[in-house]
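K.L.:
In our numbering, the protein residues as written are 6 to 257. Even for Gly, the Cβ is constructed at its ideal location relative to N, Cα and C. Starting off with a structure, shown below.
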Amino acid sequence: MVHFVGAGSGAADLITLRGAERLKGADVVVYAGSLVNPVLLGLCREGCAVYNSAEMTLEQVLSVMERGEEEGKDVVRLHTGDPCLYGAIQEQMDALNSRGIPFDLTPGVSSFCAAAAAVQGEYTLPGISQTVIITRMEGRTPVPEGQQLAALAAHGATMVIFLSAGLLEGVQRELLKGAYREDTPAALVYKASWPEERVVYCPLGALAQTGRDSGISKTALVLVGEFLRRGGYQRSRLYDPAFTTGFREAEQ
């Protein structure tokens with residue numbers, strides 16, 4: 006059996022209970038060495054074979070999985086955050102299906118959730134933004150037509166930008182083509198939830214310079230949106246005493 010496991014955003018204690026149990030029971034672990042906290046490998050039992058996928062191709066990863074299946078071993082494919090986001094897991098799952106190898110998935114805490122905790126913010130503030138766009142800047146790897154950053158920026162929604170800390174000049178330029186302004190709040194969250202976590206705030210118009218000044222050019226999320234201003238939002242109707250819900254009547 007192959008178990009895809011989300012390792013969480015970085016802090017070793019943010020892996021789920023299920024994910025930790027999967028690691029403890031694994032005979033083979035293939036982990037994303039460039040991003041997964043190596044402390045988690047301490048959960049592996051003695052004799053567990055460990056492979057760093059940062060040094061492997063897809064074919065090599067699949068070969069390890071296939072060999073594990075043939076030998077009746079439990080294989081854990083340990084991805085950073087939650088593997089459904091930029092985890093390149095669909096191609097692995099499709100390959101396993103074609104080979105008749107069973108697998109399951111254990112979700113994890115995504116770094117975009119850890120980044121919200123780092124800035125002590127709420128992405129979906131009433132009256133400010135009820136939409137979160139998770140995306141990345143187009144670089145060596147293209148994005149589908151119509152999903153370029155400038156097109157998405159037209160909505161003015163809360164935006165969380167992955168895999169783009171080294172492309173801040175372009176991020177800033179493309180976002181300013183949309184509904185955001187020079188003074189729209191932004192934040193760089195470096196290694197969210199790791200011991201070395203850092204948060205740097207700036208107006209969008211200073212994003213690229215802020216990245217240079219702070220020395221942040223990788224392993225960081227870019228947060229953009231009015232939610233970062235901390236004010237101007239509406240009170241939640243869910244907890245408003247004048248609002249009836251399925252669990253309580255409005256106060257007269």
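Residue 42 lies in the beta strand (DSSP E); which residues open and close that run?
P.N.:
Segment: none, residue 42 is in no beta strand (DSSP E) and carries neither H nor E.
K.L.:
With a threshold of 8 Å between beta-carbons, can residue 196 be considered close to chain B, or not?
P.N.:
The structure shown contains no chain B, having only a single protein chain.
K.L.:
Could you name each continuous alpha helix (DSSP H) segment of 4 residues or more that falls completely within the region 137-193, going from the start of the chain to the end?
P.N.:
Counting whole runs of 4 or more residues, the region 137-193 contains the alpha helix (DSSP H) stretches 154-158 and 173-180.
K.L.:
Quick check on this structure: which residue in 180, 218 and 200 has the alpha carbon closest to the alpha carbon of residue 210?
P.N.:
Selected option, being the one with the closest Cα: 180.
K.L.:
Pick out whichever of 107, 55 and 84 has its Cα sitting closest to the Cα of residue 77.
P.N.:
Residue 107 is the option with its Cα nearest to residue 77.
K.L.:
Classify residue 231 as buried or exposed, calling it buried when 16 or more other Cβ atoms lie within 10 Å of its own Cβ.
P.N.:
Answer is buried; the Cβ neighbour count reaches 16.
K.L.:
Mapping the DSSP letters down to three states, classify residue 118 as helix, strand or coil.
P.N.:
Of the three classes helix, strand and coil, the one that applies to residue 118 here is helix, per DSSP.
K.L.:
Rank 127, 174, 150 and 170 by C-alpha distance to the C-alpha of residue 240 and give the top, closest one.
P.N.:
Ranking the options by Cα distance to residue 240, first place goes to 127.
K.L.:
Could you tell me how far apart the beta carbons of residue 12 and residue 34 are, in whole angstroms, since I believe they sit closer than 8 Å?
P.N.:
Not a contact, Cβ separation roughly 11 Å.
K.L.:
Using CA atoms only, rank isn't needed, just tell me which of 30, 43 and 65 is closest to residue 51.
P.N.:
Minimum Cα distance to residue 51 is reached at 30.
K.L.:
Can you give me the start and stop residues for the beta strand (DSSP E) that residue 11 sits inside?
P.N.:
7-11 is the span of the beta strand (DSSP E), which, as asked, contains residue 11.
K.L.:
Which partner residues of residue 203 appear in the DSSP bridge assignment?
P.N.:
The partner list for residue 203 (beta bridge, DSSP) reads 195.
K.L.:
Buried or exposed, going by whether 16 or more other CB atoms sit within 10 Å of the CB of residue 244?
P.N.:
When all chains shown are included, residue 244 counts as exposed.
K.L.:
Among 62, 68, 72 and 32, which one has its Cα closest to the Cα of residue 55?
P.N.:
When only C-alpha atoms are compared, the closest one is 32.
K.L.:
Taking residue 173 as the reference, which of 208, 199 and 201 has the closest Cα?
P.N.:
Taking only the C-alpha atoms, the option nearest residue 173 is 208.
K.L.:
Grab me the residues of residue 162's own chain with a C-beta within less than 6 Å of its C-beta, minus the 5 sequence neighbours each way, in chain order.
P.N.:
These residues qualify, in order along the chain: 134, 136 and 138.
K.L.:
Between the C-alpha atoms of residue 154 and residue 114, what's the straight-line distance to the nearest angstrom?
P.N.:
Residue 154 and residue 114: Cα-Cα distance of roughly 25 Å.
K.L.:
Measure the C-alpha to C-alpha separation of residue 62 and residue 84 and round it to an integer number of angstroms.
P.N.:
Going by the C-alpha atoms only, they are around 15 Å apart.
K.L.:
Around the C-beta of residue 111, are 16 or more other C-beta atoms found within 10 angstroms, so that it is buried, or is it exposed?
P.N.:
Burial call: buried.
K.L.:
In terms of residue numbering, what span does the alpha helix (DSSP H) encompassing residue 124 cover?
P.N.:
That residue, residue 124, is in no alpha helix (DSSP H); it is neither H nor E in DSSP.
K.L.:
Just to confirm the assignment: which complete alpha helix (DSSP H) runs, minimum length 4, are found wholly within the region 11-99?
P.N.:
The region 11-99 contains these whole alpha helix (DSSP H) runs: 22-30 and 63-75.
K.L.:
In this structure, does DSSP put residue 130 in helix, strand or coil?
P.N.:
Three-state DSSP puts residue 130 in coil, outside helix and strand.
K.L.:
Put residue 111 into one of helix, strand or coil per three-state DSSP.
P.N.:
In the structure shown, residue 111 sits in a strand (DSSP, three-state: E or B).
K.L.:
Could you spell out where the alpha helix (DSSP H) holding residue 247 opens and where it closes?
P.N.:
Where residue 247 is concerned, there is no enclosing alpha helix (DSSP H), given that its DSSP letter is neither H nor E.
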